[in-house]
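Peer 1: Dumping the structure here so I can ask a few things about it.
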Amino acid sequence: MVDVSLRIVHETRYDYGVPMGYGLQRLRVRAPSGAAQIVEAWDVTITGGSQAARFTDQHGNESELYVLTPGASEFVVRIEGSVKPLIEDGVVGEHDGSAPLGLYLRPTPLTMPGQAVRALSESIGTELADIHALSARILEAMPFDTSVPANALAAEDVLQRGAGVCQDHSHVMIACARHLGLPARYVTGYLKLNDREEQGAGHAWAEVHIPGLGWTGFDVSNGYAPDTRYARLATGCDSREAAPVEGLIFGEPQTTLSVALRVEEAAAQQ
Amino acid sequence: MAHFDEMTGFGDITRQPYQSYETWLKEVDTDHLAKKANRAESLFRRTGITFAVYGSDEVDERLIPFDVVPRIMSAKEWAYLEKGVTQRVEALNAFLHDVYHGQEIFKAGIVPEELVLNNEAYCPPMIGVEPPAGVYTHIVGTDIVCTGEGDYFVLEDNARTPSGVSYMLENRETMMQMFPELFAQMKVREVAHYPEELRRSLASVPPPVFDGNGRPTVAVLTPGIHNSAYFEHSFLADQMGAELVDASDLRVKNGRVVMRTTTGEEPIDVLYRRIDDDFLDPLTFNPDSLLGVPGIMDVYRAGGITIANAPGTGIADDKAIYSYMPEIVRFYTGNDAILPNVPTHRCREKDALAYTLDNLADLVVKEVHGSGGYGMLVGTAASGKERDDFAAKLLAKPENYIAQPTLSLSTCPILTKAGLAPRHVDLRPFSLVSDKVKIVPGGLTRVALTEGSLVVNSSQGGGTKDTWVLEA
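Chains as they are written, first to last, in my numbering: chain A, 1 to 270; chain B, 271 to 742.
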């Protein structure tokens, strides 16, 4: 195994343009240690808000609720950390945690199967090779296209649109897998792309629970099985439940969102 | 079909609990009762008990009809019901804890896992959450029917936000004003302490953040004045000495949920919410809801507030789950259920569906998620066309329905223009759960005012009666 860690520096800045009154941000930005990775260091710095609640949610995510500092005109989440990935073939393994595996069979509004999802899952089996074939079939039906609107749409809708980004691909994979009777979940995190260190955005992929293997990752957009280039932040039944930052702002500020993300490989500290 | 009558049994006897009442009744004439009934109505108008009925464009506020003839129960009958309801409420809480934690009941093969996990009423954000003192259903309304001497059945559990308790209290107050001589003669157990018990019960389950100094702050959360039970929300808040708030009064601040009051912001320890889960928190539940308190679920999960009833209790009163209640009671209490269920056919099962379709004319068919008597078919009262239309709905989505035999519900006399006449009744006792289950004697008796009708829901033209539990 390559003894490499991923060093991540990720800053998300909401610039509201005006001093804010009341608003909330919910964060899932505490990378977990587990079968997929060991978190070696992880610091989160928040500017522009105070913590109102912290709890572990049903998927095991460390969730935090922040109330915006009254009068502040920006909210900044800065993550700086180092993660040692442990898997090379996408296989995370057996289910663990307080949520029953059956929960991941439950459709959510974003993963509700429709005609297109059902048609795409047609004659797909439930073996590893079948799900890889499904992954390829999804990418073929909806090529990667960053020009689509960024808001989360339902799997059925993005599949009918025929184009999408990692969020859309993951939702379709989850909808199809559940339709096939396999538990599936959404994972947010980071990918170290081979040719660069500055990344435009965080990443997302799907995990499907395959009999005999357990949770297995599928990065449909890239056609990869998540390996040592991947670091995970949060999981959920869909993007809404796994979003690293999820806010509710009152009023109508002219919000500018800027993201600075650097993912680099670093030799393990031994 | 002969119905069991609470006053006269199956024939011309006078049942023991009604003997003093009947003696009194012989001395007064029905004109006297009619005059009292008119006075009662004007009293209700003055106190403002109204009930908004949904479904029509103009929501029309009207009085829930009140009948002056009490429903009377012996101490023995009540002792049995109290024991049975307590057992059932304890089992419901154990079931709720289990489905959000270890899920032993699935592993034991007693309730199918997918029936719970795929149920809309199952609330994933409650998985792993430990509600203060382990209480999920702080208030339960158990709908009970009687078909003969001592033959009680539980028709429905209401474990979300059961309503009607204000009628129980107002009915009693009115009866005491109308008929003081009866209360002097007969030893009727009191109900007026319900708000105090409710307050005590809620205050006994403060959140971990509560520092133990003084009394926990309790507030009642209402969806607002347009809600059908708004009167009850404001009535209970007033009676408990608690603040009545709507979501716009609340926000998350410094790790607490605070309410704006005339004297500033005050953190709430226990929130008696009378809004549905879906509208509780747009950040966790329905993002389109304007009613809720964003972030309240996060504060709850972090131990900063008690929400009563806890979110996700709806899974316990789902009608598909109801059919498993005898097994659920046995699984968690180790004993057979004291109060039986109505035999229930789960239309999701093939044989049950076939049986239901073959016997529609004799069955009552209900939606598993429905309430308030909406979306149900009373086969005996429906026309052939109504039954055919319903059969089509049933076939299209069988898992959405359960079917039950048409029960011969007991009757109780009501005062009509033509004198006393029997009408069908049910009973909803209200249980308060803290470290123990407490039930104010009696509950709300609902009565179907139309001759022969079995639908007692106030949204469907039902009325109410005062319920008397005798001391001996």
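Cβ atoms here follow ideal geometry from the backbone N, Cα and C, with glycine treated the same way.
So, with DSSP's three-state summary, where would you put F480(B)?
Peer 2: Note: F480(B) maps to coil in three-state DSSP.
Peer 1: Please tell me whether T56(A) has its Cβ less than 9 Å away from any Cβ of chain B.
Peer 2: Interface residue, yes.
Peer 1: Around the Cβ of Y186(A), are there at least 16 other Cβ atoms within 10 angstroms (buried) or fewer (exposed)?
Peer 2: It counts as buried.
Peer 1: Could you tell me which whole beta strand (DSSP E) segments of length 3 or greater appear in the segment 531-570 of chain B?
Peer 2: Runs found: 534-537, 540-543.
Peer 1: Let's test the definition: count the other Cβ atoms within 10 Å of the Cβ of T532(B) and tell me whether it reaches 16, buried, or not, exposed.
Peer 2: It counts as exposed.
Peer 1: Spatial neighbours of F280(B) within its chain, please: C-beta separation below 7 Å, excluding the five flanking residues on both sides.
Peer 2: Closer than 7 Å at the Cβ level, and outside the excluded window around F280(B), lie A272, F274.
Peer 1: Would you list, in sequence order, the uninterrupted beta strand (DSSP E) runs of no fewer than 3 residues that lie entirely inside the segment 328-376 of chain B?
Peer 2: Runs of the beta strand (DSSP E) inside the segment 328-376 of chain B: 330-332, 336-343.
Peer 1: Assuming R716(B) is part of the alpha helix (DSSP H), what are its boundary residues?
Peer 2: Segment 714-718 is the beta strand (DSSP E) holding R716(B); no alpha helix (DSSP H) there.
Peer 1: Would you call the segment 627-638 of chain B and the segment 667-674 of chain B touching, i.e. three or more CB-CB distances under 8 Å?
Peer 2: Touching, yes, given that three or more Cβ pairs across the two stretches are closer than 8 Å.
Peer 1: Hey, is G574(B)'s beta-carbon within less than 9 Å of any beta-carbon in chain A?
Peer 2: Chain A contact via Cβ: present.
Peer 1: Under 8 Å between beta-carbons, which chain B residues line up against A225(A)? List them in chain order, please.
Peer 2: Residues of chain B passing the Cβ test: none, with the nearest at roughly 28 Å.
Peer 1: When you compare only the Cα positions, how much space is there between P283(A) and L561(B)?
Peer 2: The question about residue 283(A) has no answer here: the residues shown for chain A are numbered 1 through 270.
Peer 1: May I ask which residues mark the beginning and end of the beta strand (DSSP E) holding I743(B)?
Peer 2: Outside the displayed span of chain B (271 to 742) sits residue 743(B), for which this structure offers no information.
Peer 1: Going by other Cβ atoms of all chains shown within 10 Å of its Cβ, with 16 needed for buried, is R543(B) buried or exposed?
Peer 2: R543(B) should be labelled buried.
Peer 1: Can you tell me which of the three DSSP states K306(B) falls into?
Peer 2: Reduced to three states, the DSSP call for K306(B) is helix.
Peer 1: Taking only three categories from DSSP, how would you classify V9(A)?
Peer 2: V9(A): strand per DSSP, three-state reduction.
Peer 1: Can you tell which of V355(B), H463(B), E721(B), E619(B) has the C-alpha that lies nearest to the C-alpha of N428(B)?
Peer 2: Nearest C-alpha to N428(B): V355(B).
Peer 1: If you follow the beta strand (DSSP E) that E513(B) is part of, which residue opens it and which one closes it?
Peer 2: Start and end: 513-515.
Peer 1: Thinking just about the alpha-carbon of each residue, which of E292(B), E360(B), Y406(B), G372(B) is nearest to the one in P476(B)?
Peer 2: Nearest option by C-alpha distance: Y406(B).
Peer 1: Within the continuous beta strand (DSSP E) that includes E419(B), where are the two ends?
Peer 2: E419(B) -> no beta strand (DSSP E), and no H or E assigned at all.
Peer 1: Checking contacts by CB at 9 Å: is Q51(A) closer than that to chain B?
Peer 2: It does: the Cβ of Q51(A) has a partner Cβ on chain B nearer than 9 Å.
Peer 1: For V386(B), count neighbouring C-beta atoms within 10 Å of its own C-beta (all shown protein chains included) and say buried if the count is 16 or more, exposed if not.
Peer 2: Label assigned to V386(B): buried.
Peer 1: Going straight from the alpha carbon of V515(B) to that of P478(B), what length do you get?
Peer 2: In a straight line, the C-alpha of V515(B) is about 22 Å away from that of P478(B).
Peer 1: Out of W215(A), A260(A), Q25(A), A163(A), which has the shortest C-alpha to C-alpha gap to G200(A)?
Peer 2: When only C-alpha atoms are compared, the closest one is A260(A).
Peer 1: Could you tell me the boundaries of the alpha helix (DSSP H) in which H169(A) lies?
Peer 2: It spans 166-179 - the alpha helix (DSSP H) in which H169(A) sits, taken as one unbroken run.
Peer 1: Which same chain residues, not among the five before or five after A507(B), have their C-beta less than 6 Å away from its C-beta?
Peer 2: Closer than 6 Å at Cβ, skipping near neighbours: V490, L514.
Peer 1: Select from G722(B), K589(B), M343(B), G689(B) the residue whose C-alpha is nearest the C-alpha of L303(B).
Peer 2: Looking at the Cα atoms, G689(B) is the closest of the given residues.
Peer 1: Where does F660(B) sit, in a helix, a strand or coil, going by DSSP?
Peer 2: In the structure shown, F660(B) sits in a helix (DSSP, three-state: H, G or I).
Peer 1: Quick test of your reading: T715(B) and G731(B), contact by CB under 8 Å. State the CB separation rounded to the nearest angstrom.
Peer 2: Not a contact, Cβ separation roughly 16 Å.
Peer 1: Given that Y186(A) touches chain B, what residues does it touch there, using C-beta distances under 9 Å?
Peer 2: Ordered by position in chain B, no residue passes the 9 Å Cβ test against Y186(A), which lies about 14 Å from the chain.
Peer 1: Any contact of the segment 241-251 of chain A with the segment 305-317 of chain B, i.e. 3+ C-beta pairs under 8 Å?
Peer 2: No contact exists between the segment 241-251 of chain A and the segment 305-317 of chain B.
Peer 1: Excluding five sequence neighbours on each side, which residues of the same chain lie with their C-beta closer than 6 Å to the C-beta of E224(B)?
Peer 2: The structure shown has nothing for residue 224(B), since chain B only spans 271 to 742.
Peer 1: In its own chain, which residues sit with a C-beta less than 6 Å from the C-beta of D168(A), not counting the 5 before and 5 after it?
Peer 2: These residues qualify, in order along the chain: V158.
Peer 1: For Y671(B), report the span of its beta strand (DSSP E) as first-last.
Peer 2: Taken as a continuous stretch (DSSP letters only), the beta strand (DSSP E) holding Y671(B) covers 671-675.
Peer 1: Anyone know if the C-beta pair for S82(A) and V29(A) falls short of 9 Å?
Peer 2: Taking 9 Å as the Cβ cut-off, S82(A) and V29(A) do not qualify as a contacting pair.
Peer 1: What residues from the segment 90-104 of chain A come within 7 Å of chain B, judged by C-beta to C-beta, listed N to C?
Peer 2: Within the segment 90-104 of chain A, the residues whose Cβ lies closer than 7 Å to some Cβ of chain B are S98, A99, P100, G102, L103, listed in chain order.
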